[in-house]
Every structure is written in structure tokens, then in C-alpha cells.
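K.L.:
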Amino acid sequence: MTTVRTRIAPSPTGDPHVGTAYIALFNLCFARQHGGQFILRIEDTDQLRSTRESEQQIFDALRWLGIEWDEGPDVGGPHGPYRQSERGEIYKKYSDELVAKGHAFPCFCSAERLDKVRAEQMANKETPRYDGHCLHIDPAEAQRRIAAGESHVVRMKVPSEGICEVPDMLRGTVEIPWDRMDMQVLMKADGLPTYFLANVVDDHLMGITHVLRGEEWLPSAPKLIKLYEYFGWEQPALCYMPLLRNPDKSKLSKRKNPTSITFYQRMGFLPEAMLNYLGRMGWSMPDEREKFSLAEMIEHFDLSRVSLGGPIFDLEKLSWLNGQWLRELPLERFAAEVQKWAFNSDYLMKIAPHVQGRVETFSQIAPLAGFFFTGGVTLDAKLFEHKKLSPDQVRQVLQLILWKLEALRQWEKDRITACIQAVAEHLELKLRDVMPLIFPAITGQASSVSVLDAMEILGADLSRFRLRQAVELLGGVSKKETKEWEKLLAGIA
Ligand code: GLU
Numbered sequence: 007m008t009t010v011r012t013r014i015a016p017s018p019t020g021d022p023h024v025g026t027a028y029i030a031l032f033n034l035c036f037a038r039q040h041g042g043q044f045i046l047r048i049e050d051t052d053q054l055r056s057t058r059e060s061e062q063q064i065f066d067a068l069r070w071l072g073i074e075w076d077e078g079p080d081v082g083g084p085h086g087p088y089r090q091s092e093r094g095e096i097y098k099k100y101s102d103e104l105v106a107k108g109h110a111f112p113c114f115c116s117a118e119r120l121d122k123v124r125a126e127q128m129a130n131k132e133t134p135r136y137d138g139h140c141l142h143i144d145p146a147e148a149q150r151r152i153a154a155g156e157s158h159v160v161r162m163k164v165p166s167e168g169i170c171e172v173p174d175m176l177r178g179t180v181e182i183p184w185d186r187m188d189m190q191v192l193m194k195a196d197g198l199p200t201y202f203l204a205n206v207v208d209d210h211l212m213g214i215t216h217v218l219r220g221e222e223w224l225p226s227a228p229k230l231i232k233l234y235e236y237f238g239w240e241q242p243a244l245c246y247m248p249l250l251r252n253p254d255k256s257k258l259s260k261r262k263n264p265t266s267i268t269f270y271q272r273m274g275f276l277p278e279a280m281l282n283y284l285g286r287m288g289w290s291m292p293d294e295r296e297k298f299s300l301a302e303m304i305e306h307f308d309l310s311r312v313s314l315g316g317p318i319f320d321l322e323k324l325s326w327l328n329g330q331w332l333r334e335l336p337l338e339r340f341a342a343e344v345q346k347w348a349f350n351s352d353y354l355m356k357i358a359p360h361v362q363g364r365v366e367t368f369s370q371i372a373p374l375a376g377f378f379f380t381g382g383v384t385l386d387a388k389l390f391e392h393k394k395l396s397p398d399q400v401r402q403v404l405q406l407i408l409w410k411l412e413a414l415r416q417w418e419k420d421r422i423t424a425c426i427q428a429v430a431e432h433l434e435l436k437l438r439d440v441m442p443l444i445f446p447a448i449t450g451q452a453s454s455v456s457v458l459d460a461m462e463i464l465g466a467d468l469s470r471f472r473l474r475q476a477v478e479l480l481g482g483v484s485k486k487e488t489k490e491w492e493k494l495l496a497g498i499a
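Residues in the sequence shown are numbered consecutively from 7, following the working numbering.
1) If I measure Cβ to Cβ from Pro134 and keep anything under 7 Å in the same chain, skipping five residues before and after, which residues do I get?
2) Taking 6 Å as the limit between beta carbons, can you name the residues of its chain near His139, skipping five residues before and five after?
3) For the alpha helix (DSSP H) holding Tyr236, just list the boundary residues, first then last.
4) DSSP beta-bridge partners for Ile48?
5) Quick one: Cα of Cys35 to Cα of Ala243, how far?
6) Please work out which residues of its chain come closer than 6 Å, Cβ to Cβ, to Pro228, disregarding the five sequence neighbours upstream and downstream, and give them in chain order.
7) Gly72 and Pro277 look like a contact to me (Cβ under 8 Å); what is the Cβ gap, rounded to whole Å?
8) So, helix, strand or coil for Pro173, using DSSP?
9) Kindly list the residues whose CB is nearer than 6 Å to the CB of Arg38, restricted to its own chain and excluding five residues on each side of it in sequence; keep chain order.
10) Is Trp223 near ligand 1, in the sense that its beta carbon is under 7 Å from a heavy atom of that ligand?
11) With distances taken Cα to Cα, identify the nearest neighbour of Ile214 among Ala342, Asn205, Glu478.
12) Please report the Cβ distance between Trp70 and Gln271, rounded to the nearest whole angstrom; I am assuming they are in contact, meaning their Cβ atoms lie under 8 Å.
13) Going straight from the alpha carbon of Tyr88 to that of Gln63, what length do you get?
14) Just to check, is the beta-carbon of Ser17 closer than 7 Å to a non-hydrogen atom of ligand 1?
15) Please name the residue or residues paired with Met193 in a DSSP beta bridge.
16) Are the CB atoms of Leu464 and Phe390 nearer to each other than 8 Å?
17) Are there three or more Cβ pairs, one per stretch, closer than 8 Å when the segment 98-110 is compared with the segment 316-335?
18) Pro500 by DSSP, collapsed to three states: which one?
19) At a threshold of 7 Å, does Glu49 count as lining ligand 1 (C-beta to nearest heavy atom)?
20) Expressed to the nearest angstrom, what Euclidean distance is found between the alpha-carbon atoms of Gly418 and Lys410?
21) Rounding to the nearest angstrom, what Cα-Cα distance links Asp459 and Thr423 in this structure?
22) For Asp185, which residues of its own chain have a beta-carbon under 7 Å away from its beta-carbon, when the five flanking residues on both sides are left out?
23) Is Val403 closer than 8 Å to Leu433 when the C-beta atoms are compared?
24) Would you mind stating whether His23 and Ser266 have Cβ atoms separated by less than 8 Å?
25) Suppose you measure from the CA of Asn130 to the CA of Asp121; what does that come to, to the nearest Å?
26) Thinking just about the alpha-carbon of each residue, which of Phe298, Cys425, Val180 is nearest to the one in Gln405?
27) Excluding sequence positions up to five away, which residues of its chain have a Cβ less than 6 Å from the Cβ of Ala279?
28) Of the residues Glu302, Lys356, Phe340, which one's Cα is nearest the Cα of Val455?
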């Protein structure tokens with residue numbers, strides 16, 4: 007019998023997402039229960055958006071939760087490299103193979119031509135898709151053009167009619183018509199593979215037997231299935247997990263719910279409780295108990311207990327469960343966890359330089375700098391009244407800064423300052439006009455230690471959370487404003 011091998015394949019393009027941990031957890035449980043292995047692969051073929059910082063954050067966040075992998079970029083293993091950016095030659099070989107077999111073809115169409123085709127299709131109310139323009143170029147001619155250095159991509163051929171039957175471990179057979187599939191690009195003009203090619207090649211070469219992934223990938227499953235068929239490879243068993251949702255049933259998004267695992271860490275959640283809660287997403291224990299450990303989940307894991315109704319990721323429910331965990335901790339462990347969270351010497355050493363010169367007794371520290379030890383802060387709208395700016399402008403400044411900071415990957419004081427400065431300049435304001443707005447949002451107070459240092463120390467998650475809270479307090483941002491302000495944002499360097 008082949009060993010069960012599962013994987014999580016995150017793209018390191020942002021904060022470590024709770025959805026990644028959720029899918030990782032189910033893959034881990036499935037593998038462990040079958041005595042198999044769980045692999046971590048980094049899908050960083052999007053060169054522009056992938057960063058090493060984000061990759062490291064994913065490792066740290068999953069480990070914090072207690073999720074360990076048997077093979078991966080940082081632990082090695084027999085099927086490496088485990089980072090797609092280091093596997094370029096492999097994809098090239100397989101792409102060439104598909105072209106040679108006639109399952110894929112080079113496409114030389116320019117972006118302008120593709121835009122034009124798309125616009126025409128849209129005007130005719132057709133689904134935009136590649137029109138097959140380069141499909142029939144003679145292979146020898148195509149080779150000549152490639153040799154002459156002409157820019158091209160490689161596209162896969164797909165059937166134009168019929169139904170693809172997708173075998174899903176949760177839903178049974180899902181039928182998807184082939185005419186919904188585009189002639190997917192497999193290799194980009196820069197010579198890097200797209201998700202589709204890299205994912206299939208790697209799952210095969212890494213011996214993955216079961217793929218548990220998010221439901222958002224179900225509509226594109228036929229393309230993966232076709233690729234397995236073209237290569238003549240056995241396809242892994244497929245399982246499309248229900249998506250996490252906001253309490254209003256929409257897809258979990260950071261606009262409505264903090265989605266970064268590190269946010270929950272900084273808010274003072276216990277990793278076991280967090281993992282327990284993720285295990286409750288669409289799954290339940292045979293005896294329906296709410297509180298269980300990872301070991302218990304592995305022991306009782308059974309995919310047939312996954313329910314397809316979209317699981318709701320609800321902060322209140324998570325907090326309740328966390329409370330259960332906290333209350334049942336032995337007192338000593340409770341105290342130790344509190345210490346580990348924020349009352350440790352590393353954290354105090356970061357704060358000390360900013361409070362030492364401002365207090366006469368230790369007992370003045372909490373009133374001065376208590377906000378270092380809270381999640382949000384109690385906000386007072388009065389603190390946001392501004393001499394020069396109208397309330398609408400105040401909201402706009404804060405929202406633009408928040409967006410800028412949401413995109414900031416290296417959370418350092420100088421970079422934070424640069425973001426704020428860029429927004430201020432774009433709005434023809436001075437740094438000293440906007441800082442008095444940042445200050446109360448972050449500290450909840452009219453005066454305290456330097457706010458830029460405080461932001462660096464608090465970290466990205468809590469700083470962003472507090473700015474978001476401030477924007478909400480001041481009335482939030484309407485859909486119309488979001489559109490207008492996003493345009494403004496695009497113009498800020
Ligand atoms: N890189 C993809 C992601 O970030 C992997 C999806 C899959 O599991 O195939 O979600």
C-alpha cells in the first residue's frame with residue numbers, strides 16, 4: 007500500500023492566513039491518521055508578490071499553532087527543493103514534453119491582441135477566453151519564432167465540449183462542462199510556470215496521494231485533471247474543503263475579520279484554542295464536544311464528518327472557546343503563558359527605552375504605556391478633532407494610511423514613517439498634521455511615548471487593527487468612498 011502523503015502549498019504573498027492554517031490542519035490530520043506524511047511546499051512562482059518575509063511568517067505562524075511538517079523548504083526532505091522558485095528547470099522540461107506531445111502549444115499573441123479579443127467577446131456577451139489564434143501554427147514555424155527570441159507563453163489544449171467529472175471526496179462526482187475552461191497558460195513569457203503546471207508537476211514528483219484544498223479551486227479542477235491525463239500520471243484523490251466565511255456568510259476577508267494568524271497571537275489567544283477552533287470549522291468530533299486537542303482530533307479524524315455548509319469564522323465564538331481553554335489551564339501554566347505572551351523580557355526590553363525617561367516610579371508605567379498590553383484601545387472621538395482637517399478628511403487620511411500599512415511587508419519604524427509621509431505628501435499635508443491622528447488611534451491617549459516606536463513594537467497586526475477601529479469609530483468608509491480613495495491610493499508612491 008502506498009503511504010498517504012498530503013501537503014499544504016501556500017503562496018508567500020501576504021500575512022499568514024487563517025485559511026492556510028485551516029487547510030494545513032485538515033491535511034495534517036488526514037496524513038497522521040493514516041500513518042502518512044505531511045509536506046509543506048512554497049508556491050512562489052508569482053515573483054512580484056512573493057517575499058521571503060511572508061514565507062518566514064507562514065513557517066512561524068504554523069509552528070506557533072503546533073502544525074509541524076515532515077518535509078519542507080526549511081526542514082529538507084527527499085523530494086526537494088520545496089520552493090517552486092528553485093524548480094524552474096523541472097517545469098521547463100515538463101512544459102516542453104506537453105508541447106512535444108501536442109497537448110500544449112506556444113502562443114505568441116500580444117497583450118494588445120488578447121485585450122482586443124476579450125473586449126469583443128465581452129461586447130458580444132460571451133465568456134472571455136483565448137480564441138485559439140496560435141493553436142494551428144506549424145510546430146517547426148513556432149520553433150523558429152522561439153529561436154528568434156519572440157516572446158511567447160505556453161498554453162494547454164482543452165476539450166471544447168463535453169463534461170469533466172471531478173471526483174471529490176466530499177461531494178462525490180462534480181460535473182463541470184469543458185466549455186467553461188480556457189486554454190490555460192502553463193508557462194509565462196518570463197519562463198516561469200503558472201500555478202496549474204507547477205502544482206500538478208510538484209504534487210506528482212513529491213508523491214502526494216491526497217490533495218485537500220480550498221473549495222475556491224474546484225471550478226478549475228478540470229484543468230488539473232487534464233494535465234494528469236496528458237502526462238499519463240495517476241491523479242491524487244481530491245478533496246475540496248468548504249471555505250471559511252465571515253459572520254455575514256461572505257468569504258472570509260480581512261476587511262471584515264482579521265485573517266492573519268499573527269493577529270490572533272498578538273491578541274493573546276492560546277495556540278491550542280485557535281487550532282481547536284479551526285478544527286471546528288466544518289468538522290465535528292463524533293461526540294460533538296467543542297473542546298479538543300490536536301492529538302484528539304487526529305485520533306477521531308474522519309472526512310465524512312466534514313459538512314459542506316460554509317463554516318463561519320466568528321471572533322466571539324473563538325474568544326469563548328479560548329476562554330474555556332484558559333480557565334482549564336493549570337494556574338502555573340496560565341501564568342507562564344501570560345508571561346510568554348507579553349510579559350517577557352524581550353518585549354519589556356523593547357518598551358523600556360521609551361518609558362524609562364518618562365516615569366518617576368514603576369507604578370506610572372501602566373497608565374503611561376498600558377496600550378502595549380492590550381489588543382484594541384478604548385477610543386474617544388474627541389481626540390480625532392483636527393484644527394485643519396474636516397471629519398471626512400480625517401477619515402480619509404486614516405484609511406489611506408491603513409491601506410498603505412496593510413501593504414507594508416517589513417514592519418520597521420522607518421518604513422512605517424515613509425508610508426505615513428507618502429500619504430501626507432500626496433494630500434499636501436505635513437507629517438505633523440497627520441501624526442496627531444495616528445497617535446490616539448494607536449495609544450488611545452492624548453499623550454504617551456513616541457507613536458512610531460510604539461507601532462513598531464506593537465507590530466503590524468495590532469497597529470492595523472487599531473487604525474481600522476479608529477476609522478470605524480469615525481463612521482467607516484462607504485462603498486463609494488472606497489472606490490474613490492482606492493484610486494487616490496494608486497497614485498501614492
Ligand atoms: N498555492 C495555492 C494557494 O496558495 C495552492 C492551492 C492548492 O492547494 O493547490 O492556495
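By construction, the Cβ of each residue, glycine as well, lies at the ideal position given by its N, Cα and C atoms.
P.N.:
This is what the structure gives:
1) Arg124, Gln127, Met128
2) Correct list, in chain order: Cys115.
3) 227-237
4) Arg89
5) 16 Å
6) Cys170, Ile182, Met187
7) 6 Å
8) strand
9) Ile304
10) Taking 7 Å as the cut-off, one finds at least one heavy atom of ligand 1 near enough to the beta carbon of Trp223.
11) Asn205
12) 6 Å
13) Approximately 16 Å, taken between the alpha carbons.
14) yes
15) DSSP, once it has assigned bridges, lists Val160, Pro199 as partnering Met193.
16) no
17) no
18) Since the first residue of the chain shown is 7 and the last is 499, residue 500 is not available in this structure.
19) yes
20) In the sequence as presented, Gly is not what sits at residue 418; that position holds Glu. So the two alpha carbons sit approximately 14 Å from each other.
21) 10 Å
22) Hits under 7 Å: Ser166, Glu167.
23) Contact: yes.
24) yes
25) 14 Å
26) The shortest C-alpha separation from Gln405 is found at Cys425.
27) Cβ contact annotation for Ala279 (same chain, cutoff 6 Å, sequence separation greater than five): Leu327, Asn328, Trp331, in chain order.
28) Lys356
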